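Numbering (full-length UniProt numbering), first residue to last: 1 to 209.
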């Protein structure tokens, strides 16, 4: 039996939250989620993939259907958190394990006062993040910070280096849509507030810019 969720006209992260609730309440092997924006397509698709579903998307220009199917045996497994990890909190610390630091940038400038200076400082900050080594775990861009993850970003090369070193880069889908930058995103996972809140919960330290 197919379960269908109508998540049209819902702002992120509502489509992911509704999908998560549905999987937690029912043992499903087939689900269809109706959405009407690119951010919801990517977020729901990624969540269903983490939950063990084979995912396909069909669009007609005004509406998209994210369809997930999985083996019946897999339905007994609990759905993972949005980032592929348990949302119950971090695992017990291990000796010599790296500290998990999450950096969240809510602007493309650093500090308040002179925006030209702030833009230069932010570029220098991003270029220096590699000095954190393996302690840097998540880099999250929200609000105008998402411009740093677009094709016109002055730090795109540095972000690619961080991603290749194992840092997960999350870019707010609602912010990209609001700023009409969805097509210009050049790096990272399009994400939602559920992913961001979960990352905050799992991090050992959160640095807000």
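Positions of the beta carbon are idealized from the N, C-alpha and C atoms, including for glycine.
Small disclaimer: the values here were computed from a predicted structure and weren't measured.
- Fewer than three pairs of CB atoms, one per stretch, sit closer than 8 Å, so the region 98-108 makes no contact with the region 57-72.
- Within a 10 Å sphere around the beta-carbon of residue 157 sit fewer than 16 other beta-carbons, which makes this residue exposed.
- Taking all protein chains shown into account, residue 155 has 16 or more neighbouring C-beta atoms within 10 Å of its C-beta and is therefore buried.
- Annotation for residue 126: 155 and 158 place their beta carbon closer than 6 Å to its own, counting only its chain and skipping 5 residues before and after.
- Note that the C-beta distance between residue 7 and residue 15 is below 7 Å.
- In this model, residue 45 and residue 178 are separated by some 21 Å (Cα to Cα).
- Taking the CA atoms as reference points, residue 48 sits about 32 Å from residue 108.
- Scanning 59, 114 and 69 for the CA closest to the CA of residue 52 turns up 69.
- CA-to-CA, the gap between residue 135 and residue 60 works out to about 43 Å.
- Closest in C-alpha terms to residue 181, from the list 145, 165 and 204, comes 145.
- Exposed is the label assigned to residue 2, since fewer than 16 other Cβ atoms lie within 10 Å of its Cβ.
- When DSSP states are grouped into helix, strand and coil, residue 187 belongs to the coil group.
- By the CB criterion at 7 Å, residue 161 and residue 169 fall outside the cutoff.
- According to DSSP, residue pairing for residue 172 in a beta bridge involves 191.
- For residue 18, the uninterrupted alpha helix (DSSP H) segment begins and ends at 14-25.
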